[in-house]
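Before any comments, here is the structure.
In the working numbering, the protein residues as written are 41 to 194.
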């Protein structure tokens, strides 16, 4: 799957927006979903930056909607080309090339995050993998932390 996303990475954002404009599956509600998540994170009343873990960060377009001084981003993606684009958008982010289907990267297992974001990734997983992934991610949440799942399965 990562080869596919490597091949379309340069066009990914425009391909998604074409589907949004045409109200076409699977991305018809993509912008609305991104706005809901961005508004929630941006509206956080923490005095310091909030820690966000984005599983399947892709090109990082979600974070253009949030002031960078409000967030400390760690992003994971299996597509190195998508991560290169995300790095251009989010030079301060910690980006990790990793296949989340293999579990949580060891470097993150002792961390806690205020928010974990998973958008349009679980559509590639079967239900046992989704459940196993969520069970692992819950352990990374800070007290009162939240997981945002936006996908066509829900």
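Backbone N, C-alpha and C define an ideal beta-carbon position, used for all residues, glycine too.
Quiz item: Alpha carbon to alpha carbon, how far is residue 137 from residue 131?
Solution: For the purposes of this step, residue 137 is taken as residue 97 along the chain shown, with counting starting at 1. For the purposes of this step, residue 131 is taken as residue 91 along the chain shown, with counting starting at 1. Distance between the alpha carbons of residue 137 and residue 131: 15 Å.
Quiz item: For residue 146, is the classification buried or exposed, using 16 other Cβ atoms within 10 angstroms of its Cβ as the cut-off for buried?
Solution: The residue labelled residue 146 in the question sits at position 106 within the chain shown. In this structure residue 146 is exposed. Its beta-carbon is surrounded by fewer than 16 other beta-carbon atoms within 10 angstroms.
Quiz item: residue 162 and residue 77 look like a contact to me (Cβ under 8 Å); what is the Cβ gap, rounded to whole Å?
Solution: Locating residue 162 in the chain shown gives position 122, where the first residue counts as 1. Locating residue 77 in the chain shown gives position 37, where the first residue counts as 1. Between residue 77 and residue 162 the Cβ distance is about 15 Å, and since that is not below 8 Å, they are no contact.
Exercise. Return the bridge partner residues of residue 93 from the DSSP annotation.
Key: The count along the chain shown starts at 1 and reaches residue 93 at position 53. 114, 156, per the DSSP bridge assignment.
Quiz item: Where do the N-terminal and C-terminal ends of the alpha helix (DSSP H) with residue 82 fall, by residue?
Solution: Against the chain shown, residue 82 aligns to sequence position 42. Counting along the chain, the alpha helix (DSSP H) containing residue 82 begins and ends at 70-82.
Quiz item: What is the residue span of the beta strand (DSSP E) that residue 134 lies within?
Solution: Residue mapping note: residue 134 aligns to position 94 of the chain shown, counting from 1. Per DSSP, residue 134 belongs to the beta strand (DSSP E) from 134-137.
Quiz item: Is the distance from the Cβ of residue 96 to the Cβ of residue 158 below 8 Å?
Solution: To locate residue 96, count along the chain shown from 1; it is residue 56. To locate residue 158, count along the chain shown from 1; it is residue 118. Yes, Cβ-Cβ distance for residue 96 and residue 158 is below 8 Å.
Quiz item: Looking only at its own chain, which residues have a Cβ that is under 7 Å from the Cβ of residue 120, when we skip the five neighbours before and after it?
Solution: Numbered from its first residue, the chain shown carries residue 120 at position 80. Result list for residue 120: 46, 137, in chain order.
Quiz item: Could you give the distance in angstroms between the alpha-carbon of residue 153 and the alpha-carbon of residue 178?
Solution: Reading the chain shown from its first residue, position 113 is the one you call residue 153. Reading the chain shown from its first residue, position 138 is the one you call residue 178. Looking at the two C-alpha atoms, the distance is approximately 10 Å.
Quiz item: Is the distance from the Cβ of residue 105 to the Cβ of residue 75 below 8 Å?
Solution: As a working mapping, residue 105 is identified with position 65 in the chain shown. As a working mapping, residue 75 is identified with position 35 in the chain shown. It is a contact, given that the beta carbons lie within the stated cut-off.
Quiz item: In its own chain, which residues sit with a C-beta less than 8 Å from the C-beta of residue 102, not counting the 5 before and 5 after it?
Solution: Here residue 102 refers to the residue found at position 62 of the chain shown. Spatial neighbours of residue 102 in its own chain (CB-CB distance under 8 Å, excluding positions within 5 residues in sequence) are listed in chain order as 74, 77, 78, 94, 157, 159.
Exercise. Between the Cα of residue 196 and those of 53, 86, 192, spot the shortest distance and give me the residue it belongs to.
Key: What the structure shows of the chain is the stretch from 41 to 194, and residue 196 is not part of that stretch, so it cannot be assessed.
Practice problem: Starting from the C-beta of residue 84, find all residues in its chain whose C-beta is less than 6 Å away, skip the five residues before and the five after it, and write them out in chain order. | Solution: Here residue 84 refers to the residue found at position 44 when the chain shown is read from its first residue. Hits under 6 Å: 90.
Exercise. Look at the alpha carbon of residue 124 and the alpha carbon of residue 82, and state the distance between them as a whole number of angstroms.
Key: Reading the chain shown from its first residue, position 84 is the one you call residue 124. Reading the chain shown from its first residue, position 42 is the one you call residue 82. Rounded to the nearest angstrom, the two C-alpha atoms are 24 Å apart.
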